[in-house]
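Sequence positions in the sequence shown follow our numbering and run -3 to 184.
Even glycine gets a Cβ: it sits at the ideal position worked out from N, Cα and C.
Bear in mind that the values here come from a model prediction, so they are computed numbers and not experimental data.
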Amino acid sequence: MPAASPSPWRHLPNAISVLRVLLVGPIGCLLWQRNWSYALILVAVAGVSDGLDGFLARHYGWQSRLGGMLDAIADKLLLVACFVILAWRGEAPAWLAAIVCGRDLWIAAGAVLWRVLVGRIQPQPSLLSKACTLLQILYLLCVLLALIGWPVPAAGGLAWAVAALCIASGLDYTIRWSRRGWRARRTR
-3 MPAASPSPWR HLPNAISVLR VLLVGPIGCL LWQRNWSYAL ILVAVAGVSD GLDGFLARHY
57 GWQSRLGGML DAIADKLLLV ACFVILAWRG EAPAWLAAIV CGRDLWIAAG AVLWRVLVGR
117 IQPQPSLLSK ACTLLQILYL LCVLLALIGW PVPAAGGLAW AVAALCIASG LDYTIRWSRR
177 GWRARRTR
């Protein structure tokens, strides 16, 4: 019996991640122009697509190295752009944007260091990192809802939760990948 051919749908999670990357520009423009309603819609679409691509990849076994990298890049570009623009516009705390950006720069620097010292990297987001991304998206949605006149009472506390989770996630990445790197270098 011949082997089943791979599903043509196996690239769908990657296409969804690319869509999320392509949404960063329009979302950034909408935020800059203070067009909160349309920004809210696109951020919600990006948030749902983040969950959808991950679900499809895991559920159907369509995971790939490229997909992991595209997903991470899409998340970082989207979240950093949103937090920076909202902070610049005075709609989100600058200290929170600094923590979000600092964490992502720290993780990116660690990935570059891994590549230089150890070799190819296979993105492996932790549960803590996924929770951090989800909480950041929820925070952005709350801010945008407030800006269109639907304030969410928990948004202030959510900012502190985002900050705490960003710091915890950054530390988690540092510890886990440092240990892996140390083991990988010792086995050479």
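From Leu8, Asn10, Val39, pick the residue whose C-alpha is nearest to that of Leu130; which is it?
Val39
Proximity below 9 Å, CB of Asn10 to CB of Leu73
no
Cutting at 7 Å between CB atoms, please list the residues of its own chain near Ala157, excluding the five before and the five after it.
Leu131
In chain order, what residues of the same chain lie with their CB nearer than 6 Å to the CB of Ala70, ignoring the 5 residues before and after it?
Ser13, Arg16, Val17
Nearest-angstrom Cβ-Cβ length linking Arg181 and Leu109, presumed shorter than 8 Å:
The pair is not a contact, with the Cβ atoms about 12 Å apart (cut-off 8 Å).
What is the DSSP secondary structure of Gln120, reduced to helix, strand or coil?
coil
When DSSP labels each residue in this structure, what does Pro147 get in the three-state scheme?
coil
If we ignore side chains and look at the alpha-carbon of each, how far apart do Val96 and Gly50 end up?
22 Å
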